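*Asks:* Heads up: the sequence shown at position 45 corresponds to 45 in my numbering, and the numbers run straight through without jumps.
We put the beta carbon where it would ideally sit given N, CA and C, even for glycine.
Since the model is a prediction, treat every value here as computed from it, not as a measurement.
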Amino acid sequence: MSGFLRTDKRRNGKAWLTVLPAGKRVEVARGVNLLEAIAVAGESVAQRCGGRARCGECQVLVRQGWRGLSKVRQAERDRLAKVQGVDPLSRLACQAALGIHNNIVVELVNH
Ligand code: FES
Numbered sequence: 001m002s003g004f005l006r007t008d009k010r011r012n013g014k015a016w017l018t019v020l021p022a023g024k025r026v027e028v029a030r031g032v033n034l035l036e037a038i039a040v041a042g043e044s045v046a047q048r049c050g051g052r053a054r055c056g057e058c059q060v061l062v063r064q065g066w067r068g069l070s071k072v073r074q075a076e077r078d079r080l081a082k083v084q085g086v087d088p089l090s091r092l093a094c095q096a097a098l099g100i101h102n103n104i105v106v107e108l109v110n111h
């Protein structure tokens, strides 16, 4: 029974995202990527490739909650290796999806 409840909780889970430097905070559904979540906050991120990890312009710095995001996949790792000014906290907003019950803080780099 508790396993079912936990599964149901995950399905309907939400995460909190704070977008710096404006400090806007929004609640978004689990599985939404940072690009979409940042748009919900009313902010925009530069991008040219339509979220396919090809341009690297959607880079953001994850200031809090790194572990609450999806894992870095090979395509993102490869693109970040080619982007100038990458920080150890950098993620591609189009590739990082939100988990549940997280408090994520990101800082926009190219906006
Ligand atoms: S939108 Fe181009 S890499 Fe994310």
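Beta-carbon within less than 7 Å of A112's beta-carbon, same chain only, minus the 5 sequence neighbours each way: which residues are those?
*Replies:* The displayed coordinates of the chain run from 1 to 111. Any statement about residue 112 would go beyond what the structure contains.
*Asks:* Apply the 10 Å Cβ neighbour rule to L5 and answer buried if 16 or more other Cβ atoms are within range, or exposed otherwise.
*Replies:* The count along the sequence shown starts at 1 and reaches residue 5 at position 5. Annotation note: pLDDT 41 at L5 (below 50); position unreliable, coordinate value reported separately. Flag for L5 reads exposed.
*Asks:* What number of angstroms, rounded off, separates the C-alpha of V19 from the C-alpha of L61?
*Replies:* Indexing the sequence shown from 1 puts residue 19 at position 19. Indexing the sequence shown from 1 puts residue 61 at position 61. Roughly 10 Å separates the two Cα atoms.
*Asks:* How long is the line joining the alpha carbons of Q64 and V106, rounded to whole angstroms?
*Replies:* As a first step, residue 64 must be located in the sequence shown, where it is residue number 64. As a first step, residue 106 must be located in the sequence shown, where it is residue number 106. Distance between the alpha carbons of Q64 and V106: 7 Å.
*Asks:* Please tell me whether, using a cut-off of 7 Å, the distance from the CB of G31 to the nearest non-hydrogen atom of the ligand FES is below it.
*Replies:* As a working note, residue 31 is residue 31 in the sequence shown. It does not: the Cβ of G31 is nowhere closer than 7 Å to a heavy atom of the ligand FES.
*Asks:* What three-state label does DSSP hand K24 in the structure shown?
*Replies:* Along the sequence shown, one-based indexing puts residue 24 at 24. Note: K24 maps to strand in three-state DSSP.
*Asks:* Measure the C-alpha to C-alpha separation of E76 and V28 and round it to an integer number of angstroms.
*Replies:* For the purposes of this step, residue 76 is taken as the residue at position 76 of the sequence shown. For the purposes of this step, residue 28 is taken as the residue at position 28 of the sequence shown. E76 and V28: Cα-Cα distance of roughly 22 Å.
*Asks:* Beta carbon of L41, beta carbon of K14: below 8 Å?
*Replies:* Position 41 of the sequence shown holds residue 41. Position 14 of the sequence shown holds residue 14. Note that residue 41 corresponds to Ala in the displayed sequence, not to Leu. Their beta carbons are not under 8 Å apart, which means A41 does not touch K14 by this criterion.
*Asks:* Report buried or exposed for Q59, applying the criterion of at least 16 other Cβ atoms within 10 angstroms of its Cβ.
*Replies:* Your numbering for residue 59 matches position 59 in the sequence shown. Flag for Q59 reads buried.
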